[in-house]
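Worksheet for the structure shown next.
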Amino acid sequence: MSDRKRLYLMDGTQFAYRAYFAFIRNPLRNSKGINTSAPFGMLQSILKILESEKLDAFAVAFDKGKPVDRLEIYPEYKSSRAKMPDEMRDSLPYIRGIVEAMNIPIIEKTGVEADDLLGTIAKRAEKKGWDVVLVTGDKDFLQLVDEHISILAPSKGALPTEWFTVENAHRRFGVPPAMMVDFLALMGDNSDNVPGVKGIGKKTAASLINEFGGLKEIYEHLDEISGGTAKKLESDREMAELSQKLVTIDTDIDIDFDWENAPLTEPDYEKLIPILEELEFTSLLDRFYRESGKGKSGAAESEIEYVLVDTMGKFDELIEKLKSAARISLDTETTRKEPMLAELVGLSFAIEPGKAYYIPVGHRRPGEMFPDEDLNLPKKEVLTALKPVLEAENPAKVGQNLKYDYIVLHNEGLNLRGIDGDVMLADY
Numbered sequence: 000m001s002d003r004k005r006l007y008l009m010d011g012t013q014f015a016y017r018a019y020f021a022f023i024r025n026p027l028r029n030s031k032g033i034n035t036s037a038p039f040g041m042l043q044s045i046l047k048i049l050e051s052e053k054l055d056a057f058a059v060a061f062d063k064g065k066p067v068d069r070l071e072i073y074p075e076y077k078s079s080r081a082k083m084p085d086e087m088r089d090s091l092p093y094i095r096g097i098v099e100a101m102n103i104p105i106i107e108k109t110g111v112e113a114d115d116l117l118g119t120i121a122k123r124a125e126k127k128g129w130d131v132v133l134v135t136g137d138k139d140f141l142q143l144v145d146e147h148i149s150i151l152a153p154s155k156g157a158l159p160t161e162w163f164t165v166e167n168a169h170r171r172f173g174v175p176p177a178m179m180v181d182f183l184a185l186m187g188d189n190s191d192n193v194p195g196v197k198g199i200g201k202k203t204a205a206s207l208i209n210e211f212g213g214l215k216e217i218y219e220h221l222d223e224i225s226g227g228t229a230k231k232l233e234s235d236r237e238m239a240e241l242s243q244k245l246v247t248i249d250t251d252i253d254i255d256f257d258w259e260n261a262p263l264t265e266p267d268y269e270k271l272i273p274i275l276e277e278l279e280f281t282s283l284l285d286r287f288y289r290e291s292g293k294g295k296s297g298a299a300e301s302e303i304e305y306v307l308v309d310t311m312g313k314f315d316e317l318i319e320k321l322k323s324a325a326r327i328s329l330d331t332e333t334t335r336k337e338p339m340l341a342e343l344v345g346l347s348f349a350i351e352p353g354k355a356y357y358i359p360v361g362h363r364r365p366g367e368m369f370p371d372e373d374l375n376l377p378k379k380e381v382l383t384a385l386k387p388v389l390e391a392e393n394p395a396k397v398g399q400n401l402k403y404d405y406i407v408l409h410n411e412g413l414n415l416r417g418i419d420g421d422v423m424l425a426d427y
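See below:
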């Protein structure tokens with residue numbers, strides 16, 4: 000392994016979009032109705048990098064304003080993109096607040112795209128003897144891949160996270176990193192409204208590059224290219240050369256950022272925890288409460304209230320609270336990891352931060368084969384009373400690995416509805 004230090008640079012704008020649209024069919028929301036999908040996904044991605052990668056410095060870049068230089072040469076650049084959804088725009092201050100509270104430097108400059116900022120810093124760091132990892136799913140960044148610059152691309156659906164290095168980057172589109180600009184100039188990019196050459200797709204672009212070289216060499220050999228393709232190239236030469244400029248990442252931006260004096264440090268819990276409390280990221284709050292040695296709003300963790308629902312009177316009160324709640328968190332306690340074989344032992348509910356309820360229905364004394372009625376509420380009565388709540392669309396239900404809970408409850412005759420968020424799925 001290289002003894003060079005490693006700088007990780009994240010495309011924050013792209014990750015924010017990715018996190019927001021990952022939950023577009025079923026957005027994450029707090030009790031106030033605020034869409035929290037993008038902040039949640041962003042923080043989960045950052046935590047995963049910090050926990051699983053070996054790095055010495057980390058920074059996040061964001062777009063700021065319109066890309067002035069590219070719009071000057073092509074006013075239609077990115078014009079096909081839909082306007083940023085209002086709910087996503089409203090979540091951007093939370094994202095910035097989280098990144099800052101994590102003590103991760105933010106890189107941005109008015110009128111400059113995050114791509115160019117990351118490209119500039121990556122090349123500077125490489126010259127100073129660092130290895131650089133660009134954390135992004137944007138194919139444009141493949142042009143920067145070399146011996147000391149690689150790409151960590153987020154997973155899509157069931158696909159694993161991908162690494163692109165100088166050894167394997169050519170497999171993505173069939174051309175080496177040094178030819179990615181020419182490749183994109185030929186085929187264009189619909190997502191950024193880069194025109195390219197009409198009628199030239201991935202296969203043709205890759206074939207031309209592998210046979211003749213870059214854009215300049217291709218046009219020098221037009222007479223050797225088949226008639227139909229040659230005509231397309233000739234008629235759209237101006238667009239190809241324009242597209243080449245549009246897709247080229249600028250690695251010489253005037254930006255003041257010293258990654259060498261921005262080492263990794265622990266989060267600023269005094270700033271981070273209040274943001275997560277407002278967004279109601281319960282599972283993440285538990286983690287940061289432990290790390291900081293504090294509980295809700297700076298109180299000791301022991302101040303979190305746990306209610307054992309061990310009488311039918313307490314249970315009836317809980318049912319009324321569940322019915323009137325807008326959103327609840329639930330979890331099942333069982334005897335096995337396999338949901339089809341598991342027996343229900345208890346149910347946990349949370350309605351508000353800092354307070355949780357537990358209903359025992361299947362606990363046994365040591366050595367006993369059957370549940371002890373002195374330790375539990377009657378399971379049949381509990382499930383009958385919970386059925387209208389759990390099978391209704393409201394309140395919304397959130398949890399961790401709800402697929403497991405769904406199967407367990409289904410085996411007990413309940414069909415869980417109103418699922419509005421799964422922490423395990425979100426983390427995946």
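According to numbering that gives the first Met the number 0, the sequence shown is numbered sequentially starting from 0.
Just so you know, even glycine gets a beta-carbon here, dropped at the ideal spot from N, CA and C.
Remember, predicted model here, so these are calculated numbers, not experimental data.
{"Asked": "Does the Cβ of L271 have 16 or more other Cβ atoms within 10 Å, making it buried, or fewer, making it exposed?", "Found": "buried"}
{"Asked": "Roughly how many angstroms lie between the CA atoms of T119 and K126, to the nearest whole one?", "Found": "11 angstroms"}
{"Asked": "Within the continuous beta strand (DSSP E) that includes F348, where are the two ends?", "Found": "L343 to E351"}
{"Asked": "Taking the Cβ atom as the reference point for each residue, do V246 and V180 lie within a distance shorter than 8 angstroms?", "Found": "yes"}
{"Asked": "Check whether the stretch 187–207 touches the stretch 229–246, taking contact to mean three or more Cβ pairs, one atom from each stretch, closer than 8 angstroms.", "Found": "yes"}
{"Asked": "Grab me the residues of R416's own chain with a C-beta within less than 6 angstroms of its C-beta, minus the 5 sequence neighbours each way, in chain order.", "Found": "E390 and E392"}
{"Asked": "My understanding is that W129 touches L6, with C-beta atoms under 8 angstroms, so please give their C-beta distance in whole angstroms.", "Found": "5 angstroms"}
{"Asked": "Can you tell me the Cα-Cα spacing of N375 and P359, whole angstroms?", "Found": "5 angstroms"}
{"Asked": "For the structure I just gave you, are there three or more beta carbon pairs, one from the stretch 30–45 and one from the stretch 78–97, closer than 8 angstroms?", "Found": "yes"}
{"Asked": "On the DSSP bridge assignment, give the partners of V132 in chain order.", "Found": "Y7 and S149"}
{"Asked": "Here's the rule I'm using: 16 or more other beta-carbon atoms within 10 Å means buried, otherwise exposed. How should M9 be labelled?", "Found": "buried"}
{"Asked": "Taking 8 angstroms as the threshold, find out whether the stretch 166–176 comes into contact with the stretch 53–65 through three or more Cβ pairs.", "Found": "no"}
{"Asked": "Below 8 angstroms on the Cβ atoms is my guess for P394 versus A324; work out the distance and round it to an integer in Å.", "Found": "5 angstroms"}
{"Asked": "What residue ranges within the stretch 262–295 form continuous alpha helix (DSSP H) runs of no fewer than 4 residues, ordered along the chain?", "Found": "268–278 and 281–291"}
{"Asked": "Exposed or buried, which one is E300 when buried takes at least 16 other CB atoms within 10 Å?", "Found": "Note that E300 scores 47 on pLDDT, short of 50, meaning its location in the model is unreliable and no value can be drawn from it."}
{"Asked": "Report buried or exposed for M339, applying the criterion of at least 16 other Cβ atoms within 10 angstroms of its Cβ.", "Found": "exposed"}
{"Asked": "Looking only at its chain, what residues have a beta carbon closer than 7 angstroms to the beta carbon of S30, apart from the 5 residues adjacent to it on each side?", "Found": "E279, A325 and R326"}
{"Asked": "Check for me: the beta strand (DSSP E) holding T331 runs from which residue to which?", "Found": "R326 to T333"}
{"Asked": "Using the beta-carbon count (16 or more within 10 Å), is G11 buried or exposed?", "Found": "buried"}
{"Asked": "Flag this pair as touching only if the stretch 96–105 and the stretch 68–86 have three or more C-beta atom pairs under 8 angstroms; answer yes or no.", "Found": "no"}
{"Asked": "Taking buried to mean at least 16 other C-beta atoms within 10 Å of its own C-beta, is H409 buried or exposed?", "Found": "exposed"}
{"Asked": "Would you give the residue range spanned by the alpha helix (DSSP H) that V381 belongs to?", "Found": "K378 to L389"}
{"Asked": "Grab the span of the beta strand (DSSP E) containing I358 for me, first residue to last.", "Found": "K354 to P359"}
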